[in-house]
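For reference, each letter of the sequence shown is one residue, going 184 to 665 in my numbering. C-beta: ideal position from N, C-alpha, C; glycine also. Since this is a predicted model, take the numbers as computed values, not measurements. Before any comments, here is the structure.
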Amino acid sequence: MHISRRYFLRNCGIVTLGLLALRPLYSCRSRVECPGCEELYARSFEFYRWRELIRDPNGILDLPRNFSYRVISRTGETMSDGLLVPGGHDGMAAFPGYKGKTILVRNHELRPDDANAGPFGEKNELFGKVDRSKLYDAGMGETPGLGGTTTLVYDTRLARLEYHFLSLAGTHRNCAGGPTPWNSWITCEETVEKARGTLERDHGYNFEVPVSPSMGLVDPVPLKAMGRFYHEAVAIDQRSGVVYETEDREDGLLYRFVPDEPERLRAGGRLQALKIRDLDGADTRNWRIGNKISVGQSLEVEWVDIKGVESPGDDLRWQGFTKGAAQFAHGEGMWCGRNEVYFTCTNGGERKKGQIWRYVPSPIEAKPEEDKQPGRLELFVEPNDAGLLENADTLTVSPWGDLILCEDGKNEQFVVGVTPEGDFYKLARNRLNDKEFAGATFSPDGSTLFVNIQNPGLTLAITGPWPRQGGLDGLALHSQGE
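Listed below in structure tokens is the structure:
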């Protein structure tokens, strides 16, 4: 599904995190208000004439001309703490570190039986190197949780990984998550396994990992008030402190967590689910013939309370349905723009090729009077064409305002860009295999796009002529150099 330029110019402001040079284009309401927008649009779109991806002679990653990559981390390598780089690379975020360094926190979507890709070795022979009290679930020493996070310290100026280490351990299937405004990473378990056999604890929670260059494991405190379900990703509205959460089920909900104390999620709060106003039990998946939500359609929402959030019966979504909450088709990646939240539904749409939604919070989000100025939900794009996009999973917002999406489809896998007007372009192709991309995130200085190939587990650092941020010269291409 293509959003026309006319639609874009009538609804400028879709992405507010873009180049300062494009402010007139993004803030206008009509061509009359911005007579130069057409020319500015045409100039900006020259950047997307990358188009052709050049075949990688090393057989890993095809990129546009003048772009390059480095493999900075591989499954099985020995890390600085003596443990092994775990496999199942998934969600990830980049944070500013000391002396201009970049700190990456990366998820690992592993189960206890994935020992051949775990941090402790194929037979968990390195398990003795860690303090068992620092593992959320040590599996009675027999089946320790192998999911969790690793932290990497990277120098973008020298294009060099300085060191890396295990930072959260003992969890299961850490899929995606999201960065916080207070310099931490929320990692999410995509499972609802219960304590039994050698599993010591229930799973299905979020955990917070402070961003730190200091090696060592964080205390694994489950954020139980945020709900127990098939978590995928989170995004935090910096103005209100509200945390939005996706659920990776074909009939999942979109949740929000209203913390009692902003920036202290473990202090508790309220869990709620999104309901489209005046439309009980809305099916946003667009699978059925009949009333469907159209691309560009903007809908007022309200939020219903969810109780019993630790959910021993894995029934939070059913509770939401009875209260009129909307259904979403495998909610997955989520990321904040400036005043909006984008999230993917991997197999939404008429042909189940995926959807991208945009939620604009109320200016008084989660306040008692919010019903007078409700938040709004918009179907941003629904391509229904695998040639454009096939089953987007994790995503990020680029420094110049485009969405950067990681595919998890059935065929060739691409990193795909989507411009504010809804044009798609291919940024990278997985030449190595047909496994998914995950965890796309830009370094704080904008020079480097980091992304994972989940299996066999590679983290790549991509550099090239990204658009500059700010000023009228922002439309010029430039090379970062290495």
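Under 8 Å between C-beta atoms of residue i and residue j
i	j	result
Asp245	Arg612	yes
Ile587	Ala623	yes
Thr333	His291	yes
Asn668	Thr602	Nothing about residue 668 can be reported from this structure: the residues present for the chain run from 184 to 665 only.
Phe625	Thr579	yes
Ala408	Gly360	no
Asp576	Ala512	no
Ala509	Ile459	yes
Phe390	Pro403	yes
Asp264	Phe348	yes
Pro405	Tyr388	yes
Arg614	Gly242	yes
Ala378	Val524	no
Arg356	Leu437	no
Pro650	Trp583	yes
Pro362	Ala276	yes
Ser420	Cys358	Residue identity differs from the one stated: residue 420 is Asp in this sequence, not Ser. Contact: no.
Cβ shell of residue i (< 6 Å), same chain only, five flanking positions each side left out
i	result
Val441	Val425, Gly452, Arg453, Ala549
Ser481	Arg559, Glu561
Glu553	Ser545, Ile547
Ser494	Arg411
Pro302	Leu266, Leu267, Pro269, Leu349
Gly600	Asp585, Ile587, Tyr608, Leu610
Asp239	Asp245, Arg614
Glu446	Trp365
Cβ neighbours of residue i in the same chain (closer than 8 Å, five flanking residues each side left out)
i	result
Tyr666	Residue 666 falls outside the range modelled here, since the chain spans only 184 to 665, and no answer is possible.
Val492	Lys407, Ala408, Met409, Gly410, Arg411, Leu454, Leu499
Phe228	Unreliable placement is indicated for Phe228, whose pLDDT of 45 sits below 50; no coordinate value is reported for it.
Gln556	Ser545, Pro546, Ile547
Glu345	Lys284, Val336, Tyr337, Asp338
Leu341	none
Reference residue i, options the options, closest by Cα
i	options	result
Trp365	Glu561, Arg559, Phe278	Phe278
Glu703	Val336, Asp314, Val268	For the chain, the structure presents residues 184 to 665; residue 703 sits outside this window and is missing.
Ile286	Pro650, Pro639, Phe633, Leu641	Phe633
Gly520	Asp434, Arg422, Leu293, Leu341	Arg422
Leu313	Arg343, Leu293, Val401	Inspection of the sequence shows that residue 313 is occupied by Val rather than by Leu. Checking every option, the nearest Cα to that of Val313 belongs to Val401.
Gly537	Asn522, Val564, Val524, Gln556	Val564
Arg315	Leu293, Leu351, Glu552, Leu335	Leu351
Thr429	Trp518, Tyr608, Lys535, Leu571	Trp518
Gly399	Tyr427, Leu318, Glu483, Asp338	Leu318
Asp463	Ala450, Ser477, Glu483	Glu483
Gly570	Thr363, Asp606, Gly584	Asp606
Val375	Ala450, Gly496, Arg447	Gly496
Arg343	Leu236, Val392, Lys284	Lys284
Ser630	Asp338, Ile255, Pro240	Asp338
Gly435	Glu235, Thr527, Asn474	Thr527
Leu572	Asp591, Arg238, Val254	Asp591
Leu309	Asp420, Thr261, Ile489, Arg340	Thr261
Asn616	Asn594, Glu604, Gln556	Asn594
Ser477	Ile489, Gly531, Leu448, Trp501	Gly531
Lys490	Arg439, Gly479, Lys535	Arg439
Lys535	Glu433, Glu604, Ile255	Glu433
Pro247	Glu235, Arg253, Ile255, Glu604	Glu235
Supposed close pair residue i, residue j - CB separation, criterion 8 Å
i	j	result
Thr354	Glu372	6 Å
Glu515	Asn567	In fact, because the Cβ distance is near 18 Å, the residues do not count as touching under 8 Å.
Leu641	Arg257	6 Å
Val336	Trp368	14 Å between Cβ atoms; not a contact.
Same chain, Cβ closer than 7 Å to residue i, neighbours up to 5 away in sequence not counted
i	result
Thr381	Gly322, Met323, Glu325, Thr326
Val487	Gln455, Ala456, Lys458, Gly503, Lys506, Gly507, Ala508
Lys618	Gln596, Ile636, Gln637, Asn638
Glu383	Asp320, Ala321, Gly322, Met323
Ile472	none
Gly259	Leu267, Val268
Ser581	Ile587, Phe625
Val392	Val288, Thr332, Ser350, Leu351, Ser367, Trp368, Thr370, Val401
Neighbour flag for residue i against chain B, beta carbons, 8 Å
i	result
Leu448	Here there is only one protein chain, and chain B is not present.
Item checked: Touching by the beta-carbon criterion (3+ pairs, under 8 Å), the stretch 290 to 308 and the stretch 319 to 333 -> In the pairwise beta carbon analysis, the stretch 290 to 308 is classified as touching the stretch 319 to 333: at least three pairs are separated by under 8 Å.
Margin query: With three or more C-beta pairs closer than 8 Å as the rule, is the stretch 541 to 557 touching the stretch 466 to 474?
Written below: No, they do not touch.
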